[in-house]
């Protein structure tokens, strides 16, 4: 049983311009007192083929387009919202994100040079992929027991994309 339950994640200002900041409203409940803060991270998957293009976003800034290959801007990608306690990730919410031009003519005949100010980001909020990991919320109480918990997410979902913070 987790000590923290995420009760709702609302994506605000969606769809929006690609270069606008991400806005989330996260509701959760703590079932036991926690001695430290929860750490939230937002990871933008810049390329399905190469995790070097993934970006850990500070605050909820938009991804830096200079760190994404131009051919990977338009199309579908993944956004990961993770929460950790004492350096242990215990939940990951993955969303598919569709980036496309905001104008039908630009979608049908894309310009040779990408027009970032005309790209619209749409986070597909209807089917988030949620993966929970068992962690020890009070590691001092089980120190020396020799018991280790392994993180084993389900395969085949956007939240399983490897990133700089969670190597499988």
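In the UniProt record's numbering, the protein residues as written are 1 to 168. We treat Cβ as the ideally placed atom computed from N, Cα and C, and that holds for glycine. Just so you know, these numbers come straight off a predicted model, no measurement behind them.
Quiz prompt | Beta-ladder partner(s) of residue 105, from DSSP | solution = Secondary-structure assignment with DSSP links residue 105 through no beta bridge to anything.
Quiz item: Anyone know if the C-beta pair for residue 68 and residue 85 falls short of 7 Å?
Solution: In this structure, residue 85 does not lie closer than 7 Å to residue 68 by Cβ.
Quiz prompt | Beta-carbon proximity of residue 91 to residue 6, cut-off 7 Å | solution = By the CB criterion at 7 Å, residue 91 and residue 6 fall inside the cutoff.
Quiz prompt | Nearest-angstrom Cα separation, counted from residue 83 out to residue 16 | solution = If I take the Cα positions, the gap works out to 24 Å.
Quiz item: So what does DSSP say about residue 128, is it helix, strand or coil?
Solution: When secondary structure is reduced to three states using DSSP, residue 128 falls in the strand class.
Exercise. Grab the span of the beta strand (DSSP E) containing residue 24 for me, first residue to last.
Key: It spans 23–30 - the beta strand (DSSP E) in which residue 24 sits, taken as one unbroken run.
Self-check item: Anticipated Cβ contact below 8 Å, residue 77 with residue 93, distance rounded
Solution: In fact, because the Cβ distance is near 15 Å, the residues do not count as touching under 8 Å.
Quiz item: Are the Cβ atoms of residue 116 and residue 60 separated by less than 7 Å?
Solution: Cβ atoms of residue 116 and residue 60: not closer than 7 Å.
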